[in-house]
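Take a look at the structure set out below.
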Amino acid sequence: DVKVTQSSRYLVKRTGEKVFLECVQDMDHENMFWYRQDPGLGLRLIYFSYDVKMKEKGDIPEGYSVSREKKERFSLILESASTNQTSMYLCASSTSRVREQFFGPGTRLTVL
Amino acid sequence: GNSVTQMEGPVTLSEEAFLTINCTYTATGYPSLFWYVQYPGEGLQLLLKATKADDKGSNKGFEATYRKETTSFHLEKGSVQVSDSAVYFCALSDQSGNTPLVFGKGTRLSVIA
Chain G
1 DVKVTQSSRY
11 LVKRTGEKVF
21 LECVQDMDHE
31 NMFWYRQDPG
41 LGLRLIYFSY
51 DVKMKEKGDI
61 PEGYSVSREK
71 KERFSLILES
81 ASTNQTSMYL
91 CASSTSRVRE
101 QFFGPGTRLT
111 VL
Chain U
113 GNSVTQMEGP
123 VTLSEEAFLT
133 INCTYTATGY
143 PSLFWYVQYP
153 GEGLQLLLKA
163 TKADDKGSNK
173 GFEATYRKET
183 TSFHLEKGSV
193 QVSDSAVYFC
203 ALSDQSGNTP
213 LVFGKGTRLS
223 VIA
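As you go down the protein sequences, you meet chains G and U in turn. Following the numbering used here, the numbering of the first sequence begins with 1 at its first residue and continues without gaps. Following the numbering used here, the numbering of the second sequence begins with 113 at its first residue and continues without gaps.
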């Protein structure tokens with residue numbers, strides 16, 4: 001089974017802190033994605049990556065950056081966390097051949 | 113661009129009731145269609161999928177048929193259980209394998225005993 005893991009299930013940070021959310025997949029998938037999920041807004045795509053060292057902006061990239069130094073790992077970085085970044089963050093991966101995405105369990109981030 | 117519209121919730125049903133969650137899409141070409149389910153406190157899991165017109169996806173008693181003429185992929189279950197309480201997302205993927213899925217906003221289902 002494909003496994004996508006995220007570094008934390010729950011995280012509490014202070015405004016202005018630099019925050020790293022890590023995602024690792026174990027099935028050699030080319031594509032990886034970061035979403036945030038908020039009530040009433042559904043899933044919104046932040047960034048995605050087709051390959052190592054490649055990244056593409058999604059619908060809401062402002063305030064975020066990403067890093068993909070290895071194929072299995074995709075990091076989401078909040079350079080200076082703000083309260084409006086309090087949310088559930090979901091990571092996913094997929095291959096180009098099989099279009100379905102496999103999701104991690106999510107990280108619920110609270111910024112105080 | 114591509115888009116997915118699904119019925120807004122929340123939907124509340126009694127156990128053993130019939131469920132329909134409507135999903136319609138806008139896309140060029142021949143997208144693949146998916147239903148994902150998110151149980152409380154968890155990530156999304158693929159529930160079922162269909163890759164071409166008239167395909168029927170099915171899993172755990174849920175079904176959905178890819179209707180190109182009506183651009184729809186409605187989710188149905190004949191008899192829901194309390195354990196089906198979750199948020200359901202309809203999604204599509206265009207013909208490019210690298211393009212992110214386009215998701216609907218989700219429909220929350222609550223099933224009461």
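All C-beta atoms in this analysis are idealised placements derived from N, C-alpha and C, irrespective of residue type, glycine included.
Exercise for review: Return the Cβ separation of F74(G) and M27(G) in integer angstroms, given the expectation that the two are a contact with Cβ distance under 8 angstroms.
Suggested key: Your pair F74(G) and M27(G) does not check out as a contact, with CB atoms roughly 13 angstroms apart and the cut at 8 angstroms.
Can you find at least 3 beta carbon pairs, one from the stretch 12-29 of chain G and one from the stretch 120-129 of chain U, that sit closer than 8 angstroms?
Cβ pair count under 8 angstroms is below three, so no.
- Could you have a look at N134(U) and say whether DSSP puts it in helix, strand or coil? The three-state reading of DSSP puts N134(U) in coil, since its state is none of H, G, I, E or B.
Using 10 angstroms around the beta-carbon of A165(U), count the other beta-carbons present and answer buried if the total reaches 16, otherwise exposed.
Its Cβ having fewer than 16 others within 10 Å, A165(U) is exposed.
Rounded to the nearest angstrom, what separates W34(G) and E154(U) at their Cα positions? Roughly 15 angstroms separates the two Cα atoms.
- Query: Taking the continuous beta strand (DSSP E) assigned at Y89(G), which residues delimit it?
  - Reply: Residues S87 to S94.
inquiry  = Is the beta carbon of A225(U) closer than 8 angstroms to that of V149(U)?
reply    = Contact: no.
message: So F215(U) contacts chain G; which residues on that side make the cut at Cβ distance below 8 angstroms?
response: Counting only Cβ-Cβ distances below 8 angstroms, F215(U) has contacts in chain G at G42 and L43, in chain order.
Entirely enclosed beta strand (DSSP E) segments - the stretch 13-55 of chain G, minimum 3 residues
The qualifying runs are 19-25, 31-38 and 42-49.
message = If you reduce the DSSP assignment to three classes, tell me which class N84(G) lands in.
response = Assigned with DSSP and collapsed to three states, N84(G) falls in helix.
key: Of the residues N114(U), T136(U) and P152(U), the one placed nearest L221(U), counting alpha carbons only   = Selected option, being the one with the closest Cα: P152(U).
| query | Should F102(G) be labelled buried (16 or more other beta-carbon atoms within 10 Å of its own) or exposed? | reply | A buried status is given to F102(G), since no fewer than 16 other beta-carbon atoms sit within 10 Å of its beta-carbon.
* Would you give the residue range spanned by the beta strand (DSSP E) that E175(U) belongs to? => Segment F174 to T177, the beta strand (DSSP E) holding E175(U).
(Q) By the 7 angstroms beta-carbon criterion, what residues does the stretch 137-155 of chain U contribute toward chain G? (A) Cβ contacts with chain G come from S144, F146, E154 and G155.
_Can you pull out the residues from the stretch 96-112 of chain G whose beta carbon lies closer than 9 angstroms to at least one beta carbon of chain C?_
As a matter of chain content, chain C is missing from the structure shown, whose protein chains are G and U.
*Can you list the residues of chain U that L90(G) reaches, using a CB-CB cut of under 8 angstroms?*
Listed along the chain, the chain U residues whose CB falls inside 8 angstroms of the CB of L90(G) are G155 and L156.
Checking 8 angstroms against the spacing of the C-beta atoms, do Q207(U) and G141(U) come in under that value? For Q207(U) and G141(U), yes; Cβs fall inside 8 angstroms.
- Task: Run down chain U in chain order and give the residues with a C-beta less than 8 angstroms from the C-beta of F74(G).
- Result: Here the premise fails: no neighbours, minimum Cβ distance about 13 angstroms.
Q) Excluding sequence positions up to five away, which residues of its chain have a Cβ less than 6 angstroms from the Cβ of K70(G)? A) Excluding residues within five positions, none has a Cβ falling inside 6 angstroms.
Are the C-beta of K161(U) and some C-beta of chain G separated by less than 8 angstroms?
At a cut-off of 8 angstroms between beta carbons, K161(U) contacts chain G.
Item to check | Residues near A162(U) in its chain [Cβ-Cβ closer than 6 angstroms; skip 5 each side] | outcome: For A162(U), the CB contacts under 6 angstroms within the same chain, skipping 5 residues up- and downstream, are L145, G169 and Y178 in chain order.
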